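J.: Quick one: this structure, given as C-alpha cells, is what I'll be asking you about.
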Amino acid sequence: MRNRWWTSAGLTATALMLAVCANAGTASAAGSAGSAARAVSSQRASSPSTELKTRKINGVTVLTNAKGFTLYWFGPDTSTKSNCNGSCAAIWPPVKGPATAGPGVTGKLGTIKRSDGSIQATYNGHPLYTYVADTAPGQARGNGLNVNGGLWHEVTASGAAAPKASASSAGGNGY
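Here our numbering is used: the first residue of the sequence shown is -10, the next is one more, and so on.
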C-alpha cells in the first residue's frame, strides 16, 4: 500500500513537472515547477470572488472559478469530507468556500469543513478543486487522472457524466 502512494505521488509530480517544463523553455525543471505552482496559487488566491461560472471545454460545459480555471472533484471524497490533504492539496488546491453561482451554474452549492479547519466549496455534494497543471483558463489537464488514491473528474454543469475525452485533452470520464 505504501508503495502505491509513492508511485501515485511520483506520477503526479512527474506529470506536473512535464507540464511546467513544456511551458518553461530552458529554465530548470525544479525551479520552474516551484515558480509555476507559486504563480498559479498566487493568481488563484488573489481572486476577488468565489463566483463559479460555466465554460465549454473540449465540447463539455464545465464549472470554472471566476478566472476560468476548470474545477474538479475527487472520487474518494464524500459529501462531508475531503480526502485530498497535504501534498495532494498542494497539487489540487481546494476551492475556498462559500461560493456563489454565476451564469449557467444550476446545481446545489454548499461547503464542508476541511481537516485543517478551512472551508471548502462543494457542488452537488462534491468538494471542489483546481489543478496546478492547468496553467491557463480553459484547460482540463486533470480530467481522468488516477492519482493521489483516486480518480479526478472535471465538474460538469449538468451533473451528467461527461463523454470520454480525446487523447489530446488529457482524457477520462467526467462528472
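Every residue gets a Cβ at the ideal spot worked out from N, C-alpha and C, and that includes glycine. All figures in this text were calculated on a predicted structure; none of them were measured in a lab.
Nearest to serine 68 by alpha carbon, out of Asp105, Pro116 and Trp81?
T.: The residue with the shortest Cα to Cα distance from serine 68 is Pro116.
J.: I need the DSSP call for alanine 110, collapsed to helix, strand or coil.
T.: Residue state, collapsed to three classes: strand.
J.: Just checking, does the region 56 to 71 make contact with the region 123 to 143 on the three C-beta pairs under 8 Å criterion?
T.: At 8 Å Cβ cutoff, the stretches touch.
J.: Under a three-way DSSP split, which group does alanine 125 fall into?
T.: Here alanine 125 sits in coil by DSSP.
J.: Quick check: the Cα distance between proline 82 and glycine 48, rounded to an integer number of angstroms?
T.: Whole-angstrom Cα-Cα distance: 25 Å.
J.: Below 8 Å on the Cβ atoms is my contact criterion, and I expect glycine 43 with proline 92 to pass it. Report the Cβ-Cβ distance as a whole number of Å.
T.: It is worth fixing the name first, because residue 43 is threonine in this sequence and not glycine. About 7 Å; that satisfies the 8 Å criterion.
J.: Please classify alanine 78: does DSSP put it in a helix, a strand, or coil?
T.: In the structure shown, alanine 78 sits in a helix (DSSP, three-state: H, G or I).
J.: With 16 other CB atoms within 10 Å as the buried threshold, where does serine 71 fall?
T.: Label assigned to serine 71: buried.
J.: Under 8 Å by Cβ, that's how I've got serine 104 and asparagine 74 pegged, so tell me the actual separation to the nearest angstrom.
T.: Serine 104 to asparagine 74, Cβ: 6 Å. Contact.
J.: Can you look up phenylalanine 58 in the DSSP assignment and give me helix, strand or coil?
T.: DSSP places phenylalanine 58 in coil when its eight states are reduced to three.
J.: Going along the chain, which residues of its own chain have a beta-carbon closer than 7 Å to the beta-carbon of glycine 114, five neighbours each way excluded?
T.: Excluding residues within five positions, the ones whose Cβ falls inside 7 Å are Ser68.
J.: Can you list, in chain order, the residues of its chain whose CB lies under 8 Å from that of proline 37, leaving out five sequence neighbours each side?
T.: Its pLDDT being 42, under 50, proline 37 is placed unreliably in this model, and the coordinates cannot settle the point.
J.: May I have the straight-line CA-CA distance separating glycine 99 from tyrosine 112, to the nearest angstrom?
T.: Approximately 6 Å, taken between the alpha carbons.
J.: Which residue's Cα is closest to the Cα of serine 76: Asn137, Trp141, Gly96 and Ser147?
T.: Ranking Asn137, Trp141, Gly96 and Ser147 by Cα distance to serine 76 puts Asn137 first.
J.: Look up lysine 97 in the DSSP assignment and say whether it is helix, strand or coil.
T.: Looking at lysine 97 - three-state DSSP - the assignment turns out to be coil, as it is neither helix nor strand.
J.: For alanine 88, which residues does DSSP report across the bridge?
T.: Note: alanine 88 sits in no beta bridge, so no partner.
J.: Determine the extent of the beta strand (DSSP E) in which leucine 140 is found, giving its start and end residues.
T.: Its beta strand (DSSP E) spans residues 139 to 143.
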